[in-house]
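Asks:
Residue numbers (the numbering used here), protein chains in the order written: chain L, 1 to 501; chain Z, 1001 to 1533.
1) For the pair the segment 1107-1117 of chain Z and the segment 1155-1174 of chain Z, tell me if three or more CB-CB distances fall below 8 Å.
2) Using CA coordinates, which residue listed in Z:1202, Z:1337, Z:1388, Z:1284 is at the minimum distance from residue 410 of chain L?
3) Comparing alpha-carbon positions, which option in Z:1361, Z:1109, Z:1510 lies nearest residue 1009 of chain Z?
4) For residue 1113 of chain Z, which option in Z:1055, Z:1095, Z:1128 has the closest C-alpha, if you only look at C-alpha atoms?
5) Return yes when the Cβ of residue 141 of chain L is within less than 8 Å of the Cβ of residue 59 of chain L, no when it is not.
6) State yes or no: is the beta carbon of residue 255 of chain L nearer than 8 Å to at least one beta carbon in chain Z?
7) Along the alpha helix (DSSP H) that carries residue 1127 of chain Z, what are the first and last residues, could you check?
8) For residue 240 of chain L, which of L:8, L:467, L:339, L:183 has the nearest alpha-carbon?
9) Please confirm whether residue 1003 of chain Z and residue 1040 of chain Z have their CB atoms less than 8 Å apart.
10) Check for me: the beta strand (DSSP E) holding residue 429 of chain L runs from which residue to which?
11) For residue 322 of chain L and residue 310 of chain L, what's the separation of their Cα atoms in angstroms?
12) Please go through the same chain and pick out, in chain order, the residues whose beta-carbon is closer than 8 Å to the beta-carbon of residue 1028 of chain Z, but skip the five residues on each side of it.
13) Quick one: Cα of residue 364 of chain L to Cα of residue 1100 of chain Z, how far?
14) Flag residue 501 of chain L as yes if its beta-carbon sits less than 8 Å from any beta-carbon of chain Z, otherwise no.
15) Have a look at the DSSP bridge pairing and note the partners of residue 437 of chain L.
16) When burial is assigned at 16 or more other CB atoms within 10 Å of the CB, is residue 1381 of chain Z buried or exposed?
17) Going by beta-carbon coordinates alone, are residue 1312 of chain Z and residue 1077 of chain Z separated by less than 8 Å?
18) Just confirm the distance between the C-beta atoms of residue 1152 of chain Z and residue 1191 of chain Z, as a whole number of angstroms; I'd bet it's less than 8 Å.
19) Take residue 1362 of chain Z and list the residues in its own chain whose beta-carbon comes closer than 8 Å to its own, dropping the five residues that flank it on each side.
20) Tell me the residue span of the alpha helix (DSSP H) that contains residue 1525 of chain Z.
21) So with Cβ pairs under 8 Å, would you call residue 1500 of chain Z a contact of chain L?
22) Do residue 1395 of chain Z and residue 1387 of chain Z have their CB atoms nearer than 8 Å?
23) Give the straight-line distance between the Cα atoms of residue 377 of chain L and residue 464 of chain L, rounded to the nearest whole angstrom.
24) Applying a beta-carbon distance threshold of less than 9 Å, which residues of chain L neighbour residue 1351 of chain Z?
25) Listed from N- to C-terminal order along the chain, which residues in the segment 85-101 of chain L have their beta-carbon within a distance smaller than 7 Å of any beta-carbon of chain Z?
26) If we call anything under 8 Å between Cβ atoms a contact, is residue 439 of chain L one with residue 412 of chain L?
27) In this structure, does DSSP put residue 268 of chain L in helix, strand or coil?
28) Is there a C-beta anywhere in chain L that falls below 8 Å from the one on residue 1525 of chain Z?
29) Could you tell me which residues DSSP pairs with residue 382 of chain L in its beta bridges?
30) Is residue 446 of chain L near residue 420 of chain L, with beta carbons less than 8 Å apart?
31) Residues of the segment 1361-1383 of chain Z in Cβ contact with chain L at a cutoff of 8 Å, in chain order, please.
32) Find out if the Cβ-Cβ distance for the pair residue 1406 of chain Z, residue 1393 of chain Z is shorter than 8 Å.
33) Would you mind telling me which residues of chain L sit closer than 7 Å to residue 1354 of chain Z, beta carbon to beta carbon, in chain order?
34) Got a sec? Which residues, its chain only, sit under 7 Å from residue 98 of chain L by beta carbon, not counting five neighbours each side?
35) Could you tell me which uninterrupted alpha helix (DSSP H) segments, each at least 4 residues in length, are contained entirely in the segment 1162-1221 of chain Z, listed from first to last along the chain?
36) Rounded to a whole number of angstroms, what is the C-alpha to C-alpha distance between residue 1490 of chain Z and residue 1421 of chain Z?
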């Protein structure tokens, strides 16, 4: 035990330990160490239980430049007092000459004597009011100056009062705080102090040390229970981490990633997805409009989309209104990643089926920001184009994905979206909260969407769910704004991979 | 979407309000939740029939099998029951349809129901009265036939609902509360639409307001006249079907109105069931189920439909059916989503992440290895930031938050991050890879790397490291940059083009941004660099 402890001692500690029988003041001489090093080493020995270090701070008072002069000539108030005689008022105009004081000194002297009620001023003349006995007696200030040098701690209350008064005056005294240290050995310290131990131990391993290694030298042992400075490491943002996990799941399930622009035309964000042009979601209340116009894609596709809206396609009645190409050209920030699915489908080689695609990307809604809302968030999107695709497959893909994301219990509830039929809303059971969480929508694209985009009726399974809620849950975030606040303290402390690893 | 609340008091008489019952309602596809007050239902855009308590109860009870689909008979209009549409209304509000409601006792509750549903229809399917406006009148105060016409604003004077004296059209649109709210719908119209009865009395000026004399339904009203006017005939027919079937649920009977436009005449409303061909085979193929034809009639009835050999008849209040797939979904709902078992098909496809993501991950891993923390910032910047740094940026029209422009670079958001973390321990070495946009909407992928505290030398070392490791053929061209210390900044050049910069940020910039530590930055447009890989 003691040997283990000794092994952790640094060279300095070892040097001090052999001299710990001596008083503090003698340590410097004995060890030839700097003051600061001695203090640091003693503190370190204190934490190791060898001694207790006590520190007392004293305020030392010495005579200042003016103090030295006044010690010789007397304080200004004394000089003025000497110039005064009982019952002989001295005009102020003559006082300077009579006392031999400077103008400033006279002002100070007048103030002090008045304060002590030794004099009074009457019609420009100074009148002595103190008794001769009072005049002869030394003032507290004079007594204080005689005591110097001294310490503040040793002064009587009257002297402290005088100190306060003198402190305000220029350079009469000087004050300096001095720290004095003493140490007391503990039981352990007493046992080991002065014992002979190997004085040289090795700290760092240096290239030189390696080169000259002879063996037999002792390394200092480090106490690993002591705290060390934290590392600020390089890390991914936790949102990226969560996205990459989802990307891995989708690619493992055989899906290919789609990418595309955040800015797109209404054609791809709404029209190609059979959302009527007067749908409330297409108003400024919900969507960010941009002062941009985009060209429409190839005419055949546009014609099919127009037909789907105006009179229907593939047996549909359509929305029955006059579709505006101009409205479809309007630039917006995508409100869902389904615009990527629409673009993918429009350029799909339908001879190479089945095709499975996914996307995870930012989407935008013109919302105010609070703990549960933001104007941008992530969505995870997927489509399966397959002649044999069924609604059961849709439920299968989603179940698989959310299971891999860590949700065991999943339920499907009927829902409504303009571009899917049948439509479904995914609810997952939150074990911690003991409640169902709504994650978002899915469905089979309506024929008005699939025929318009592919040119023929092939079932397309599709989904697009908000992803931020899942991230919040995995990383125990309760305020959506924390996702993009980039609180470095919070991000540094977050475990990698959140709660699900 | 808006929420509709049905109070316990009103709903409790008709339906059980247990959590289990609510869960069953959710399985019909109605997003309902049990609250203190009663049941809160999200108003679905495709199902306006659920906006009324009666319609909601009807759907739930049909699903539960407690009621069967019923007929909504419409009796023939009498000879005078006509609305004549004049050509002069064509350009401003071309269509109207109407119906009479008889045998309905107008109680306070009925009156409130009608006003409530009228309001909801206006807001939703009526697109704030633009597409469809509804007028409800006491029929006994009206002399048929009616004319739907348009007159010059100066020629129009009547007492609108809520006023005590006659007003001109102009007064109504400028001083009357409802008038002001909807005045924009008649903006620039040379003539305003009017319903005028056989005596020449103005009944209403759609889509604004009814006359106080002939257009106010009270508890003493015996019969109702309902009209819908607007831009889109199909929508008007849907709204009229929704209103009149609701009146039937409230105990009324429906009588038709003949609409006349020139030589064309037709009678509204039509409340018969609509026949739609239905293939069970297609339904089973799409759903992946094995529902038999024997099960069909009962399943159809649960949704209010009727099945007859390859045909489904759906009720007049289902205004959302456009295609067989809508009926297939109904069948799936009636069958029960919970009974449809998920299945992952066994065919194999090869998945892959996008080349762009792979490239970004490569850069990311290099930076993380060098000790950088990734940040992710909003794609938008504030008005104040745009001004302070004299930036050109694309405006987000009507943005509701202080973030009003798309970010033109990644440095500005990063300065925001540094400001918010100014008291967190240093070093704060950060990076972001993300999309930025210029004021023309061209999107580019940028990478931003920042050292704080950091110097131009740090960032130059990093620049060398990145371009070597990523094999980007980049060079530096020393040049002064606005936010940087003179002599400590450079453009990053690629094929003679400036694609980025490095620099040590000037203390004045740091001070203005509220930062307290030195900052050195690198920002590169990597769009072309990674697309070539």
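Beta carbons are placed, not taken as given, at the ideal position from N, Cα and C, and that holds for glycine.
Replies: Based on what the coordinates show:
1) Result no; under three Cβ-Cβ pairs closer than 8 Å.
2) Among Z:1202, Z:1337, Z:1388, Z:1284, the Cα nearest to that of residue 410 of chain L belongs to Z:1337.
3) Relative to residue 1009 of chain Z, the option among Z:1361, Z:1109, Z:1510 whose CA is nearest is Z:1109.
4) It is Z:1055 whose Cα lies nearest to the Cα of residue 1113 of chain Z.
5) One thing to note: residue 59 of chain L has its Cβ no nearer than 8 Å to the Cβ of residue 141 of chain L.
6) By this cut-off, residue 255 of chain L is an interface position.
7) Careful: residue 1127 of chain Z lies outside any alpha helix (DSSP H) and carries neither H nor E.
8) Of L:8, L:467, L:339, L:183, the residue nearest in Cα terms is L:467.
9) In this structure, residue 1003 of chain Z places its C-beta atom within 8 Å of the C-beta atom of residue 1040 of chain Z.
10) Where residue 429 of chain L is concerned, the enclosing beta strand (DSSP E) stretches over 420-430.
11) If you take the alpha carbons of residue 322 of chain L and residue 310 of chain L, they lie about 6 Å apart.
12) Leaving aside the five residues that flank residue 1028 of chain Z on each side, the residues in its chain whose CB is nearer than 8 Å to its CB run, in chain order, 1059, 1060, 1063, 1333.
13) C-alpha separation (whole angstroms): 46 Å.
14) Residue placement at residue 501 of chain L is poorly supported in this model, since its pLDDT is 45, which falls under 50; the coordinates are not used for a value here.
15) BP columns for residue 437 of chain L point to L:428.
16) Classified as buried, residue 1381 of chain Z has 16 or more neighbouring CB atoms from the shown chains inside 10 Å of its CB.
17) Judged by beta-carbon spacing, residue 1077 of chain Z lies beyond the 8 Å limit of residue 1312 of chain Z, meaning their Cβ atoms are not closer than that value.
18) Their Cβ separation, rounded to whole angstroms, is 6 Å, which keeps residue 1152 of chain Z and residue 1191 of chain Z in contact under 8 Å.
19) Excluding its 5 nearest sequence neighbours in each direction, residue 1362 of chain Z has C-beta neighbours in its own chain below 8 Å: 1470, listed in chain order.
20) In the DSSP assignment, residue 1525 of chain Z falls outside any alpha helix (DSSP H) and within the unbroken beta strand (DSSP E) covering 1520-1525.
21) Residue 1500 of chain Z does not count as touching chain L.
22) In this structure, residue 1387 of chain Z does not lie closer than 8 Å to residue 1395 of chain Z by Cβ.
23) Their Cα atoms are separated by approximately 12 Å.
24) Those within 9 Å of residue 1351 of chain Z in chain L are 250, 251, 252, 253, 254, 255, 256, 257, 356, 358.
25) Correct list: empty, as no residue qualifies.
26) Not in contact: residue 439 of chain L and residue 412 of chain L (Cβ atoms no closer than 8 Å).
27) Of the three classes helix, strand and coil, the one that applies to residue 268 of chain L here is helix, per DSSP.
28) Closer than 8 Å to the CB of residue 1525 of chain Z there is not a single CB belonging to chain L.
29) Beta-bridge partners of residue 382 of chain L (DSSP): L:358, L:463.
30) In contact: residue 446 of chain L and residue 420 of chain L (Cβ atoms closer than 8 Å).
31) For the segment 1361-1383 of chain Z, which is checked against every Cβ of chain L, the residues closer than 8 Å are 1361, 1364, 1367, 1368, 1369, 1370, 1371, 1372, 1373, 1374, 1375, 1376, 1377, 1378, 1379, 1380.
32) It is a contact, given that the beta carbons lie within the stated cut-off.
33) For residue 1354 of chain Z, the neighbours in chain L by C-beta distance under 7 Å run, in chain order, 257, 259.
34) Closer than 7 Å at Cβ, skipping near neighbours: 83, 90.
35) Segments of the alpha helix (DSSP H) lying fully in the segment 1162-1221 of chain Z: 1169-1175, 1177-1182.
36) Spanning the alpha carbons of residue 1490 of chain Z and residue 1421 of chain Z requires a straight line of approximately 27 Å.
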